[in-house]
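Participant: Here it is: the structure, laid out below.
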Amino acid sequence: MSEERSLNFLEEIVEEDMRQGKHAGRVLTRFPPEPNGYLHIGHAKSICLNFGLAQKYNGQTNLRFDDTNPTKEETEYVDSIKADIQWLGFEWANELYASDYFDIIYAFALTLIRKGLAYVDDSSPEEIAAQKGTPTEPGIGNQYRNRSIEENLRLFEQMKAGKYPDGAKVLRAKIDLASPVMHMRDPIMYRIKHAHHHRTGDKWCIYPMYDFAHGQSDAIEEITHSVCTLEFVPHRPLYDWFIEQLEIFPSKQYEFARLNMNYTVMSKRKLLQLVEQGYVEDWDDPRMPTISGLRRRGYTPNSIREFCERIGVARRENMIDLSLLEFCIREDLNKTAWRRMAVLDPIKMIIRNYPEDQFEETYSENNPEAEGGDGGRNIPFGRELWIERDDFMEDPPKKFFRLGVGLMVRLKSAYIVKCEHFEKDVDGNVTEIHCTYFPESRSGNDTSGISVKGTIHWVSVAHAKTAEVRLYDRLFQVEDPSNEHGDFKEYLNPNSLHIIPKAYIEADLDHAEMGKGYQFMRKGYFTLDKHSTPDSLVFNRTVTLKDSWVKK
RNA sequence: UGCCUGAUAGUAUAAUGGUAGUACGACGGUUUUUGGUACCGUUUGUCUAGGUUCGAAUCCUGGUCGGGCAACCA
-17 MSEERSLNFL EEIVEEDMRQ GKHAGRVLTR FPPEPNGYLH IGHAKSICLN FGLAQKYNGQ
43 TNLRFDDTNP TKEETEYVDS IKADIQWLGF EWANELYASD YFDIIYAFAL TLIRKGLAYV
103 DDSSPEEIAA QKGTPTEPGI GNQYRNRSIE ENLRLFEQMK AGKYPDGAKV LRAKIDLASP
163 VMHMRDPIMY RIKHAHHHRT GDKWCIYPMY DFAHGQSDAI EEITHSVCTL EFVPHRPLYD
223 WFIEQLEIFP SKQYEFARLN MNYTVMSKRK LLQLVEQGYV EDWDDPRMPT ISGLRRRGYT
283 PNSIREFCER IGVARRENMI DLSLLEFCIR EDLNKTAWRR MAVLDPIKMI IRNYPEDQFE
343 ETYSENNPEA EGGDGGRNIP FGRELWIERD DFMEDPPKKF FRLGVGLMVR LKSAYIVKCE
403 HFEKDVDGNV TEIHCTYFPE SRSGNDTSGI SVKGTIHWVS VAHAKTAEVR LYDRLFQVED
463 PSNEHGDFKE YLNPNSLHII PKAYIEADLD HAEMGKGYQF MRKGYFTLDK HSTPDSLVFN
523 RTVTLKDSWV KK
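Under this note's numbering, the first sequence has -15 at position 3, and the numbering climbs by one with no breaks.
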C-alpha cells in the first residue's frame, strides 16, 4: 500500500550516511529560528523538513533558538514560535538556546586564541570593511593581526569584562584575508554589545556572531544533519573550519532552496514593515503568510503539512503558485467542513404562492463527502428568503443556470421555484424577486418531474442571523513584489480585504466553533475570527470554492 | 569579471546511462440538489553547441541565462 516515493536529496544523504554507518545510524536535526519575528510558511517548510527527516529515520529534532543578537530578540517571539510549531503538530526533543552555550562558546574562543587562530582587532567597522577587499580584490591585514597570544587573551578577557564600549574591539578568526571566499577573510567571531539579553540578562556584553555560534551549537548538541537554506552555502567552509580547528563534533551543514510564493513576501524584515507601518492588523492578520496568519485565516495544520510535502525539496530556486496552497486547504476542508448556507450579498425573494405565516423545516446533511453526511440539521423555510444578488440576472445569458424571469432553480434542500417577476428601485437596483414554488418538488420526495440545472442557497428572512464577513484576496497585485522597481509596498493589493458588515447566515451557525472550518455553500470556506463574539459573529473567508463558471 | 550555486511543461518535482513520468494550473467532458467534490480526457518540457556511448535529461568540454557572497544581522 505504501507507494514507492522517490527520495529527496536530503533523504538520500541520510540514507547514504546510514549505509556507511555514520553516527551509528543516529539522526538528530534541529530547527533553529532567531526569535526576532513570527514564523511564516517558509519556516513551515523548514520545520516539516527538519522534523520530517528525523521522524522518517527514527531520529529526533531539537528546537534551538538562535539568540545571539540581544538587540533584536524578544520573549514574545519565542512564545509564538513554540506555539506555531506545536500547532503544526510537531514535538521537539529539547528546547534549547544558543545563549545557553555562551560559556562554552567563550571557551571555544579562548582555544582558538591560544592556537594563534584568533585575534582582537581595534579597527572600526568601516576600516574592517575596507580591509576586507572586494570579491575580485584580496583583502589586506592590519597591525592588530600580529598581536601576541598573551595580548589577545588579555584583551578578549577585558572585552568580556566590559572594559570597552560597543564597537571598540572585535575578536576575529585569523584565516586568510586573500581567500576568494569572502567569508573566510578573517570573519568576526565576537562583538561588544552592552545590551540586555532576553535570557542571560546583563551577564554578557560580548556576543558571538552567527558563524561562531551556529555550528558550535550544532556540535554541542551533536546534531548529525544541520539543514539550512541556500543563502548559507558561502558560510559552509567557515562552518567546517571552526569545527575542525576546535576538534568538536563534526556536524555537517546541508542547504535547500527556501520557499518563495507568488503574490506575497516572505522576509521577516518586510513582514515586520507591514506590521509596524500598519498595512496589516498584526503578525496574525489573515492576509499574512505567517503561520499565525494562516491559522487565523482558517488554514489547518494538515493542509500546511500537505503543502510542504507537495512542494518538494531541492536546491533550485523556486516560486510556488499560491494556487497550490489553496488546493491543499480546499482538499482538507472539503472532507471535514460542515456545509452551511449564508447569503453575503442579499436580495429578497418572495414566494407568492407560499402562505404568509407558514414555515416548515427542511433537512440538510452536514457534509455530503462524509459517511452518512456527518449528521445534519433542520433549516427553517418560509415565504420570504434572502438569496444571493448575483443568482439573479435581468438579462440572463444563454447558460445561466440561475434565476431570471421565467427561469427555474432548486432552493437547496427545499423546493424548485420559478421566477415570475422582479422589482427595482428608482436607481435601477433590483430590490425583490417574486417567484412561485412547486409544492410537489420538495427535496427528498420530489414528484414534480421537473428538472433544473441550478441549485442556489438561501436563508429564511424570519430566521436569519447576521454576521460580519471578511473576504480576503492576495496581499499583493504582482507575483513578485520584491523584484519590482521601487518599494515593495507600492504593490500591495488595495482590495486585499473586503468587509461585509451584515451577511445573513443560517441560524444554526450560532453554534459555530472557534477553530473549525465551515463551507458556506457555493461561497467558500469560512472560519470564526479571533475577535468574533457570540453577540457579534465575525467570519473570515479562508478560500473561495473553485469556480469554473466563467461570465461572458 | 574572483568564489559559490543552479538550469526538466505555466509552476513545482521524478526519472541515479535504457519508454521523459507525477502533482497543481489551464482547457474539455461525465456525474451531481454546491457552476463544489469525484471520475475521465487534452495540452505544453530536458537552456545551448559539441563530444563520449549501441543508447545521454543524466557523463565530459565550451557557451548562455538565473541566484548568492564584500552586516560588529541570522
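Ideal Cβ positions, reconstructed from N, Cα and C, are used throughout, including at glycine. Note that the structure is a prediction, hence the values are computed from the model and not measured.
1. Quick one: grab the DSSP three-state call for Arg96.
2. Can you give me the Cβ contacts of Met496 inside the same chain, cut-off strictly under 6 Å, excluding the 5 residues immediately before and after it?
3. With a threshold of 7 Å on Cβ separation, who are the neighbours of Val460 within its own chain once the five nearest residues in sequence on each side are excluded?
4. According to DSSP, simplified to helix, strand and coil, what is His178?
5. Is Cys187 helix, strand or coil when you go by DSSP?
6. Starting from Met301, trace the beta strand (DSSP E) in both directions and tell me its first and last residue.
7. For a test of the three-state rule: what should DSSP assign to His207, helix, strand or coil?
8. Measuring alpha carbon to alpha carbon, tell me which of Ile23, Ser464, Tyr192, Ala449 ends up nearest Phe84.
9. Under a three-way DSSP split, which group does Ile369 fall into?
10. Say the cut is 8 Å; is the CB of Arg167 nearer than that to a heavy atom of the ligand SAM?
11. For the segment 174 to 189 against the segment 198 to 206, do three or more pairs of beta-carbon atoms, one drawn from each stretch, fall closer than 8 Å, so that the two count as touching?
12. Tell me which residue opens and which closes the alpha helix (DSSP H) that Gln42 is part of.
13. Taking Lys114 as the reference, which of Gln198, Gly98, Ile170, Ser81 has the closest Cα?
14. Around the Cβ of Ser223, are there at least 16 other Cβ atoms within 10 angstroms (buried) or fewer (exposed)?
15. Which whole runs of the beta strand (DSSP E) in the segment 115 to 160 are 3 residues long or more, in chain order?
16. Do Asp327 and Glu536 have their beta-carbon atoms positioned less than 9 Å apart in this structure?
17. Are there 16 or more other CB atoms within 10 angstroms of the CB of Tyr345, so buried, or fewer, so exposed?
18. Checking 9 Å against the spacing of the C-beta atoms, do Ile565 and Val451 come in under that value?
19. With a CB to CB cut of under 6 Å and the five nearest residues on each side skipped, what residues in its chain are close to Ala444?
20. Using a threshold of 9 Å, state whether the C-beta atoms of Ile157 and Gln198 are closer than that.
21. At which residues does the alpha helix (DSSP H) containing Met0 begin and terminate?
22. To the nearest angstrom, how far is it from the Cα of Glu313 to the Cα of Arg(-13)?
23. Distance check for Asp103 and Asn128, CA to CA, integer angstroms please.
24. Hey, could you find the ends of the beta strand (DSSP E) Glu342 is sitting in?
25. Taking a contact to mean a Cβ-Cβ separation below 9 Å, would you say Ile110 touches Asp148 in this structure?
26. Tell me which same chain residues have a C-beta within less than 8 Å of the C-beta of Glu(-15), skipping the five on either side of it?
27. Is it buried or exposed, Trp531, if we count other Cβ atoms within 10 angstroms and call 16 or more buried?
28. With DSSP as the reference, label Glu213 as helix, strand or coil.
29. How many Å lie between Glu308 and Asn51 at the Cα?
30. Rounded to whole angstroms, what's the CA-CA distance from Glu16 to Ser425? Just pull it up for me.
31. Taking the DSSP output, what are the residues bridged to Pro328?
32. Measure the C-alpha to C-alpha separation of Ser464 and Val247 and round it to an integer number of angstroms.
Facilitator: So, to answer that:
1. helix
2. Only Leu510 meet the Cβ criterion.
3. Glu466, Tyr473
4. coil
5. coil
6. From DSSP, Met301 is part of no beta strand (DSSP E); its letter is neither H nor E.
7. His207 falls in the strand class under three-state DSSP.
8. Comparing alpha carbon positions, the residue from Ile23, Ser464, Tyr192, Ala449 closest to Phe84 is Tyr192.
9. strand
10. What this structure holds is no ligand at all, so the ligand SAM is not there to describe.
11. Not touching, per the Cβ criterion.
12. No alpha helix (DSSP H) holds Gln42; the beta strand (DSSP E) holding it covers 42 to 47.
13. Relative to the Cα of Lys114, the nearest Cα in the group Gln198, Gly98, Ile170, Ser81 belongs to Ile170.
14. Inspection of the sequence shows that residue 223 is occupied by Trp rather than by Ser. Residue burial annotation: Trp223 is buried, with at least 16 other C-beta atoms found within 10 angstroms of its C-beta.
15. 152 to 155
16. Shown here, the chain extends from -17 to 534; a query on residue 536 therefore has no answer.
17. exposed
18. Past the edges of the chain, shown from -17 to 534, lies residue 565, and the structure says nothing about it.
19. Gly364
20. no
21. -9 to 1
22. Those two C-alpha atoms are separated by around 21 Å.
23. In this structure, the CA atom of Asn128 is about 10 Å from the CA atom of Asp103.
24. 341 to 347
25. For Ile110 and Asp148, no; Cβs fall outside 9 Å.
26. Reliability of the predicted coordinates at Glu(-15) is poor, the pLDDT of 45 falling under 50, and no value is obtained from them.
27. exposed
28. helix
29. The alpha-carbon separation between Glu308 and Asn51 amounts to approximately 36 Å.
30. 57 Å
31. Beta-bridge annotation (DSSP): Pro328 is paired with Glu370.
32. Their backbone Cα atoms lie some 7 Å apart in a straight line.
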